[in-house]
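J.:
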Amino acid sequence: MKRLTTLVGCLLIAALALSGCSSTSATAEKAEGFTGTTELPSGTVGILNNLGSSETLTHWQNTATDALGKVGWTAVVADGKGDPAVYAQSLSSFVQQKVDGIIILGGFQTGPIAEPLRAAHDAGIPVLALGINSPDPDKLITAQYAPDDAEFGVVLGNYLKEKLPAGSEWVALTLTAQEGANAPNVAAVEVLEPAGFPRVGTVDLNISGDIPSQVSKGATDLLRAHPDAAALMTCCDFTATLSAPALAEAGYPDVINAVRYDNLSILDLIRAGKPVVTAGANTDTSILIGIDQLLAYKASGTAFDVNAQEGVAKFVVIDKDNVPAEGFYFDPQEQIETFLTKWKAEYK
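Residue numbers (mature numbering (1 follows the signal peptide of the UniProt record, and there is no 0)): -28 to -1, 1 to 320.
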């Protein structure tokens, strides 16, 4: 899969012993042109990518690393491998390193990682959940910035209502273990079923298991059990590259694969004429809002605005009619430059 891997400056790779997980460290020289009045100290951010094999999470990771590098900050990145035990190890390592902030990318449950989250709180290290919303009943997360996960399912549901024949059945690959990842499926049911489009089957994925085989087998099993299904709704960004060819090989080449995020691999499938549609959003902006809030906290002690995401997200369903000829629908570099312009005006 293609991934945006732009890093400004020099890249330092260091292996860290983390008892089953590994980290990389990236730093860069601060960009020129900072003309503001507020001194921005140097800093280090621990970034936990919950599932390094996810194209979207790795894309967000690269956006965060790139943006932090442009202000001269260091990013220490760990791959959580979809395993809460690894999440906990990585978070504990960040706390031990006394980072200035922690960013968690991807949905999660706070329960299995409550101990290192509390340790971060006790150490005065803010923890931000970015990109996907996660339940936080014990208020262990400093702030969360992400588009409304359910809205992806709403826009896809409304799209399918218009495109599918009346009364069409559909099936879904779900991820019930992660509330944010599963929210689009729940929302799509609420849009489609009252309109007469029943969901007739689901397969629930185990994120820490063998995802490729689960997706391919789950998709084909669903269609064999429900051969009249016109669409497959999936939880995640990584499914279409697996489900679309699997369904074609199994004799279901016209089933619509409905996913979320405007990954390059998904957009390439649409450009190639495959039966794929995706709900896209300007998700990089959520990552950058988190970094913006962290910089303000470090520079001036400004409290985190937990409502900074409100009114920011833009959603669109991307299909063969509006897919860009190349690149992303929502350009990550344009989003980074918007924030960099702001930071250059504020900080020196």
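For every residue, glycine included, the Cβ atom is placed at its ideal position computed from N, Cα and C. Computed from a predicted model, the values in this text were never measured in an experiment.
#1: So Val249 is in the alpha helix (DSSP H); what residue range does that whole segment cover?
#2: Would the beta-carbon of Trp32 fall within 7 Å of that of Leu89?
#3: State the DSSP-derived secondary structure class of Gln116, mapped to helix, strand or coil.
#4: Rounding to the nearest angstrom, what Cα-Cα distance links Thr274 and Pro225 in this structure?
#5: Comparing alpha-carbon positions, which option in Pro247, Asp182 and Gln81 lies nearest Asn154?
#6: Are three or more beta carbon pairs between the segment 226 to 236 and the segment 202 to 214 nearer than 8 Å?
#7: For the alpha helix (DSSP H) that contains Thr174, what are its first and last residues?
#8: What runs of the alpha helix (DSSP H), each 4 residues or longer, lie entirely inside the segment 96 to 149?
#9: Is Asn229 near Leu204, with beta carbons less than 7 Å apart?
#10: Whole angstroms is fine: what's the gap from Val248's alpha carbon to Lys189's?
#11: Where does Pro98 land, buried or exposed, given buried means 16+ other C-beta within 10 angstroms?
#12: In this structure, how does DSSP classify Thr16 when only helix, strand and coil are distinguished?
#13: Do Gly139 and Val163 have their C-beta atoms closer together than 7 Å?
#14: Per DSSP, what are the beta-bridge partners of Leu194 in this structure?
#15: Tell me the DSSP bridge mates of Arg90?
#16: Mind checking Lys53: buried by the 16 CB within 10 Å criterion, or exposed?
#17: Which whole-angstrom value describes the C-beta separation of Glu141 and Asp200, a residue pair presumed to lie in contact below a C-beta threshold of 8 Å?
#18: Could you tell me which of Leu260, Ser180, Pro84 and Ala202 sits nearest to Asp110, measuring between CA atoms?
#19: Secondary structure at Asn34, three-state DSSP: helix, strand or coil?
#20: Check whether the segment 33 to 46 touches the segment 294 to 301, counting contact only when three or more Cβ pairs, one atom from each stretch, lie closer than 8 Å.
#21: Return the Cβ separation of Pro156 and Ala285 in integer angstroms, given the expectation that the two are a contact with Cβ distance under 8 Å.
#22: Under DSSP, the beta strand (DSSP E) around Ala203 begins and ends at which residues?
#23: Suppose you measure from the CA of Pro137 to the CA of Ala122; what does that come to, to the nearest Å?
#24: Using CA atoms only, rank isn't needed, just tell me which of Ile183, Gln186, Arg196 and Ala144 is closest to residue 322.
#25: Phe66 and Ile75 - do their beta-carbons sit closer together than 7 Å?
#26: With H, G and I counted as helix, E and B as strand and the rest as coil, what does DSSP make of Gly168?
#27: Thinking C-alpha only, which one of Glu27, Ile19 and Thr37 is nearest Ala60?
#28: Quick one, which of Thr28, Glu11 and Leu147 has its alpha-carbon nearest Asp256's?
#29: Return helix, strand or coil for Cys(-8), following the three-state DSSP convention.
#30: If I follow the unbroken alpha helix (DSSP H) through Thr213, where does it start and stop?
#31: Determine which residues share a DSSP beta bridge with Phe287 and list them.
#32: Can you tell me the Cα-Cα spacing of His93 and Ser258, whole angstroms?
T.: According to the data block:
#1: Careful: Val249 lies outside any alpha helix (DSSP H), inside the beta strand (DSSP E) at Val248 to Ala253.
#2: no
#3: strand
#4: 53 Å
#5: Gln81
#6: At 8 Å Cβ cutoff, the stretches touch.
#7: Here Thr174 belongs to no alpha helix (DSSP H); instead the beta strand (DSSP E) covers Arg171 to Asp176.
#8: 121 to 135
#9: Using a Cβ distance threshold of 7 Å, Asn229 and Leu204 count as a contacting pair.
#10: 18 Å
#11: By the neighbour-count rule (16 or more Cβ atoms within 10 Å), Pro98 is buried.
#12: Looking at Thr16 - three-state DSSP - the assignment turns out to be strand.
#13: no
#14: Note: Leu194 is not bridge-paired with any residue in the DSSP secondary-structure output.
#15: Answer is none; Arg90 lacks a bridge partner.
#16: buried
#17: 5 Å
#18: Pro84
#19: helix
#20: no
#21: That belief does not hold up - the Cβ atoms of Pro156 and Ala285 are roughly 13 Å apart, past 8 Å.
#22: Ala203 to Thr206
#23: 24 Å
#24: Here the chain has residues from -28 to 320 only, and residue 322 is not among them.
#25: no
#26: coil
#27: Ile19
#28: Across the set Thr28, Glu11 and Leu147, the C-alpha of Thr28 shows the shortest separation from the C-alpha of Asp256.
#29: Note that Cys(-8) has pLDDT 47, beneath the 50 cutoff, so the model's placement of it is unreliable and no number is given.
#30: Ala212 to Glu221
#31: Ala253
#32: 22 Å
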